[in-house]
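**Student:**
Residue numbers (our numbering): 2 to 317.
(1) Based on the DSSP output, what are the partners of residue 194 in its beta bridges?
(2) Pick out whichever of 257, 124, 262 has its Cα sitting closest to the Cα of residue 218.
(3) Short of 6 Å in beta carbon distance, which residues of its chain neighbour residue 206, apart from the five on each side in sequence? Order them along the chain.
(4) Is the beta carbon of residue 235 sitting closer than 9 Å to the one on residue 14?
(5) Assign residue 282 to buried or exposed, taking buried as 16 or more other Cβ atoms, counted over all protein chains shown, within 10 Å of its Cβ.
(6) Just verifying my parser: in three-state terms, what is the DSSP assignment at residue 298?
(7) Just to check, is the beta-carbon of residue 230 closer than 8 Å to a non-hydrogen atom of the ligand NAP?
(8) Who are residue 149's beta bridge partners in DSSP?
(9) Are the beta-carbon atoms of residue 164 and residue 145 separated by less than 9 Å?
(10) How many whole angstroms separate the CB atoms of residue 103 and residue 280, which I take to be in contact at a CB cut-off of 8 Å?
(11) Taking contact to mean 3 or more Cβ pairs, one atom from each stretch, closer than 8 Å, check whether the stretch 284-304 and the stretch 187-204 are in contact.
(12) Pull up the CB-CB distance for residue 265 and residue 233, whole angstroms please, since I reckon it's below 8 Å.
(13) For the candidate residues 170, 226, 172, whose alpha-carbon lies nearest to that of residue 43?
(14) Helix, strand or coil: how does DSSP classify residue 84 here?
(15) Alpha carbon to alpha carbon, how far is residue 149 from residue 278?
(16) Alpha carbon to alpha carbon, what distance is there between residue 296 and residue 6?
(17) Could you work out which residue in 18, 29, 223, 74 is closest to residue 54 when comparing CA atoms only?
(18) If I'm right that residue 243 touches residue 268 with Cβ under 8 Å, what's the distance once you round it to whole angstroms?
(19) Distance, Cα to Cα, residue 16 vs residue 248?
(20) Can you tell me the Cα-Cα spacing of residue 123 and residue 110, whole angstroms?
(21) Grouping DSSP H, G and I as helix and E and B as strand, with all else coil, what is residue 291?
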C-alpha cells in the first residue's frame, strides 16, 4: 500500500509557508521544502526563507543544506526529498511537500529518471562554452525553436535548465518536454494529495510587489553584497535566482537600484504566471484553493485542507 504524502504548492507569495505549518500541526506532519533557492545557506532575504519562529516547532527539511557555490537540480532534490519523506514516514508522521517548483514536485511524485549517470559531459561542456561566447539569449532562442513547450516553462536566465533542455535534445534527438510527459505517465510513488493555492491576478501582483519592497527594506542588497564578497560567483546557479541576479547587477554598476527593483518585480510577476500555467497543465488531480475565499487566513485554509486530508487518510 502506498504511503501518504501531501503537496502544498502555488505561485510565489501566496502564503504556502504559513498554511503548511498549520496543516502539519493539525495532521502530525513535517515539511519538505520544494523550493529551489531556500536550500542555500546564507540566502535568506531574497528567498523569503522560513524563520525559526515561523516554523512553530514543525521540522523543515531541505532548507540550508547547500552552499551557494554548489549546484542544485531536480535529480538531487528527488533523492534528498525521498530520503526525507522516508524519515518522516518512519516516525509515523505525514510528509508535507511545500513549494512552487513544480518540476521538482513531479520528480518526487513520479520518481523521474534523469539519467545523469550516463551523460556525455562533452555536450554540456560545449553548451557552457556557447553560453560564455554567445550569451543566455542565444541559447534560450535555440531552445525556443526546438522545444517551445519546455522553453516557455522556464525563465531565459535560468541557464542551468536551458542547457539541460538543449543537452537532452542534442544527445537523444527527443524534446525534453516529451521526455517529461512520458515520465509523468509513471505510476505515482505515493498516495498523494495536491493542494494548489491561488488568488486573483491583481492581488497576486500586489503581494509580489509588496514582498519585493520588503526584501529591499530588510537588507537584500547587503545580503547579496556579502555573498559576492565571500566568493560566490555571479555565474553560480544560486545567483541566478530572482532578486539575486538583479541585485548583483546593481552592485556591479550595471543598473540603478530603482531599475533592479523594477526588474525583480516584473520578472517575478512573469514567473508567477508561468507557475500558474504549469500547475494548470501538469496537476490535473490538484485541488485548487482561492485564498481570497478564506480571507487569506492560514488557519481557515489549513482547517479546510485538514478536512480533505482526514477523509483521504483517516487522520483528524
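Don't be surprised by glycine CBs; every beta carbon is placed ideally from N, CA and C.
**Tutor:** The short version:
(1) Along the chain shown, read from residue 1 onward, the residue named residue 194 stands at position 193. The partner list for residue 194 (beta bridge, DSSP) reads 7.
(2) Position 217 of the chain shown, counted from the first residue, corresponds to residue 218. Residue 262 is the option with its Cα nearest to residue 218.
(3) On the chain shown, residue 206 is found 205 positions in, with the first residue counted as 1. Taken in chain order, the residues that qualify are 270.
(4) Within the chain shown, numbered from 1, the residue matching residue 235 stands at position 234. Within the chain shown, numbered from 1, the residue matching residue 14 stands at position 13. Not a contact, by the Cβ cut-off of 9 Å.
(5) The residue given as residue 282 occupies position 281 in the chain shown. It is exposed - the Cβ of residue 282 has fewer than 16 other Cβ atoms within 10 Å.
(6) Locating residue 298 in the chain shown gives position 297, where the first residue counts as 1. Three-state DSSP puts residue 298 in coil, outside helix and strand.
(7) With respect to the ligand NAP, the structure offers nothing, as it holds no ligand at all.
(8) Start at 1 with the first residue of the chain shown, and residue 149 comes out as number 148. According to DSSP, residue 149 bridges with nothing at all.
(9) Your numbering for residue 164 matches position 163 in the chain shown. Your numbering for residue 145 matches position 144 in the chain shown. Cβ atoms of residue 164 and residue 145: not closer than 9 Å.
(10) Locating residue 103 in the chain shown gives position 102, counting from the first residue. Locating residue 280 in the chain shown gives position 279, counting from the first residue. Contact between residue 103 and residue 280 is confirmed by a C-beta separation of about 6 Å, below the 8 Å threshold.
(11) Counting Cβ pairs under 8 Å, three or more are found: they touch.
(12) For the purposes of this step, residue 265 is taken as residue 264 along the chain shown, with counting starting at 1. For the purposes of this step, residue 233 is taken as residue 232 along the chain shown, with counting starting at 1. No, residue 265 and residue 233 are not in contact; Cβ-Cβ is about 18 Å, not under 8 Å.
(13) As a first step, residue 43 is located in the chain shown; it is residue number 42 there, counting from the start. Answer by Cα proximity: 226.
(14) Position 83 of the chain shown, counted from the first residue, corresponds to residue 84. If DSSP states are grouped into helix, strand and coil, residue 84 belongs with the helices.
(15) As a first step, residue 149 must be located in the chain shown, where it is residue number 148. As a first step, residue 278 must be located in the chain shown, where it is residue number 277. Those two C-alpha atoms are separated by around 14 Å.
(16) Taking the first residue of the chain shown as position 1, residue 6 is located at position 5. Taking the first residue of the chain shown as position 1, residue 296 is located at position 295. Straight-line Cα distance between these residues: approximately 26 Å.
(17) The sequence position of residue 54 within the chain shown is 53, counting from 1. Measuring from the Cα of residue 54, the nearest candidate turns out to be 18.
(18) The sequence position of residue 243 within the chain shown is 242, counting from 1. The sequence position of residue 268 within the chain shown is 267, counting from 1. A Cβ-Cβ distance of about 6 Å is found for the pair residue 243 and residue 268, placing them in contact under the 8 Å criterion.
(19) Working through the chain shown from its first residue, we reach residue 16 at position 15. Working through the chain shown from its first residue, we reach residue 248 at position 247. Cα to Cα, residue 16 sits roughly 24 Å from residue 248.
(20) Here the question's residue 123 lines up with position 122 in the chain shown. Here the question's residue 110 lines up with position 109 in the chain shown. So the two alpha carbons sit approximately 31 Å from each other.
(21) Sequence index remark: in the chain shown, residue 291 carries index 290 (1-based). DSSP places residue 291 in strand when its eight states are reduced to three.
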